[in-house]
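Residue 349 is where the sequence shown ends in this note's numbering, and the numbering goes up by one at each step.
A short worksheet on the structure shown next.
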Amino acid sequence: MDSLTRLLERLGVQAHLFYSGTLCESSGFTSDGRGHLHVLRAGELEVRIEGQDVHRFDEPTLLVLPRPLVHEFRPVSESGTELVCATLSFDGAGTSPILASLPRFVFVPFREVAALAPVLQFLFDEAFQQRFGATVTVNRTLEALLVLVLRYCVQQGLAKRGVLAALGDQRLSLAIDAFHARPEIDWTVERLAEAANMSRAGFAAQFRDVVGESPAHYVTSVRLSMACKALEAGVDPKRVASRCGFSGAASMSRTFKQRFGMTPRQWLAAKTN
Numbered sequence: 077m078d079s080l081t082r083l084l085e086r087l088g089v090q091a092h093l094f095y096s097g098t099l100c101e102s103s104g105f106t107s108d109g110r111g112h113l114h115v116l117r118a119g120e121l122e123v124r125i126e127g128q129d130v131h132r133f134d135e136p137t138l139l140v141l142p143r144p145l146v147h148e149f150r151p152v153s154e155s156g157t158e159l160v161c162a163t164l165s166f167d168g169a170g171t172s173p174i175l176a177s178l179p180r181f182v183f184v185p186f187r188e189v190a191a192l193a194p195v196l197q198f199l200f201d202e203a204f205q206q207r208f209g210a211t212v213t214v215n216r217t218l219e220a221l222l223v224l225v226l227r228y229c230v231q232q233g234l235a236k237r238g239v240l241a242a243l244g245d246q247r248l249s250l251a252i253d254a255f256h257a258r259p260e261i262d263w264t265v266e267r268l269a270e271a272a273n274m275s276r277a278g279f280a281a282q283f284r285d286v287v288g289e290s291p292a293h294y295v296t297s298v299r300l301s302m303a304c305k306a307l308e309a310g311v312d313p314k315r316v317a318s319r320c321g322f323s324g325a326a327s328m329s330r331t332f333k334q335r336f337g338m339t340p341r342q343w344l345a346a347k348t349n
């Protein structure tokens, strides 16, 4: 199993379709706590993003805004612009290492990734034909597209820091993959360095330089993200602690308080209210 697959098995992302059709006038997208994935199928589109310059796209393109950002679309073509639009929710929310490593805005022209063609054809067939169950198939297809975007970011070096940047590093990826394979065991810096075939000092320095945080902080962030995902799924906190590598429920509770300012139960209550 490759390192990106293992990462996504631990911490995934969900896409939820909210629009498919021809956009004929300007439309704004608010910051509602989620990211966005837009698929420009046809037409010319002007995109204004909060705090950034205006971008114009005149060919089929995937547009990904991983974080909540106010943005506006203005169709340039007289015939309008064909779009498929979805929100993105990353497991672990603010602790997601995948989200933390993504650029603010990613755009991928269809022509640059050959693997997009069959996936996009299926997406458009489902999104524009209004078949039974289309929303479910479109959501899963959009998630597959995002995986291809993540692969593209790793291969093209678009992720300058974070876990996606580390997956492009031959030695760091060994340690990260080993940790994601068995997050429940006691991962010290020494054990991670051994998995990477590096000295402790060299590994710690390179990890911080590439990922942007210490190995211990990264391990804690992933465990918290996994714990958040499991708690939302209704798993008992004691089982969550064991599954995610905390020494016990009390240890997990202390870590939650340090990072979120509340216990796991308080976090879950705030999340569901």
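Cβ atoms here follow ideal geometry from the backbone N, Cα and C, with glycine treated the same way.
Looking only at C-alpha atoms, which of Ser301, Met328, Val225, Val146 sits nearest to Leu59?
There is simply no residue 59 to check, as the chain begins at 77 and stops at 349 in what is shown.
Thinking C-alpha only, which one of Ser155, Gln128, Gln90, Ala162 is nearest Pro115?
For the record, residue 115 in the displayed sequence is Val; it is not Pro. Checking every option, the nearest Cα to that of Val115 belongs to Ala162.
Own chain, CB closer than 6 angstroms to Leu93, minus 5 neighbours either side, in chain order
Ala162, Thr211, Val214, Asn215
Asp168 and Cys304: beta carbons closer than 8 angstroms?
Reading the sequence as shown, one finds Gly at residue 168 and not Asp. Result yes, Cβ atoms of Gly168 and Cys304 sit closer than 8 angstroms.
Three-state secondary structure (DSSP) at Thr137?
strand
Measure the alpha-carbon distance for Thr137 versus Asp108 and round it to whole angstroms.
23 angstroms
Nearest to Phe133 (by Cα), restricted to the options Ser165, Phe186, Gly104:
Phe186
Give me the Cα-Cα distance between Leu268 and Gly88, rounded to the nearest whole angstrom.
23 angstroms
Does Ala351 pass the burial test, meaning 16 or more other C-beta atoms within 10 Å, or should it be called exposed?
Outside the shown range of the chain (77 to 349) lies residue 351, about which nothing can therefore be said.
Are the stretch 228-240 and the stretch 118-128 in contact at 8 angstroms, needing three or more beta carbon pairs?
no
With distance defined between alpha-carbon atoms, name the residue in Val316, Ser301, Glu308, Ala346 nearest to Leu83.
Ser301
Where does Ala325 fall in DSSP's three states?
helix
Can you give me the C-alpha to C-alpha distance between Phe279 and Val195, rounded to a whole angstrom?
Roughly 38 angstroms between the two C-alpha positions.
Using the Cα positions of Arg319 and Lys333, report the straight-line distance between them to the nearest angstrom.
19 angstroms
Just to check my reading of the structure: Leu344 and Leu307 have Cβ atoms closer than 8 angstroms, yes? What is that Cβ distance to the nearest angstrom?
5 angstroms
Helix, strand or coil: which one does DSSP assign to Gln246?
In the three-state reduction of the DSSP assignment, Gln246 falls in the helix class.
Return the bridge partner residues of Phe149 from the DSSP annotation.
Ser103, Val123
Please state whether the Cβ-Cβ distance between Ser96 and Val160 is less than 8 angstroms.
Less than 8 angstroms divides the Cβ of Ser96 from the Cβ of Val160.
I need the DSSP call for Leu87, collapsed to helix, strand or coil.
DSSP places Leu87 in coil when its eight states are reduced to three.
Among Met328, Ala309, Gly310, which has the Cα closest to the Cα of Val295?
Minimum Cα distance to Val295 is reached at Met328.
Identified DSSP bridge partners for Ala162:
BP columns for Ala162 point to Leu93, Leu113.
Where Val316 sits in the DSSP three-state scheme:
helix
Looking at the structure shown, is Val182 part of a helix, part of a strand, or coil, going by DSSP?
strand
Hey, how far is the Cα of His293 from the Cα of Phe183?
30 angstroms
I'd like to check one pair, Ala251 with Ala220: are the Cβ atoms closer than 8 angstroms?
No.
Considering only the alpha carbon of each residue, which of Phe149, His131, Pro173, Thr157 lies closest to Pro142?
Pro173
Alpha-carbon spacing of His256 relative to Asp201, whole angstroms
Take the alpha-carbon of His256 and the one of Asp201: they are about 36 angstroms apart.
Specify the secondary structure class of Leu292 as computed by DSSP and reduced to three states.
Before going further, note that residue 292 is Ala rather than Leu in the sequence given. Taken through DSSP and simplified to helix, strand or coil, Ala292 comes out as helix.
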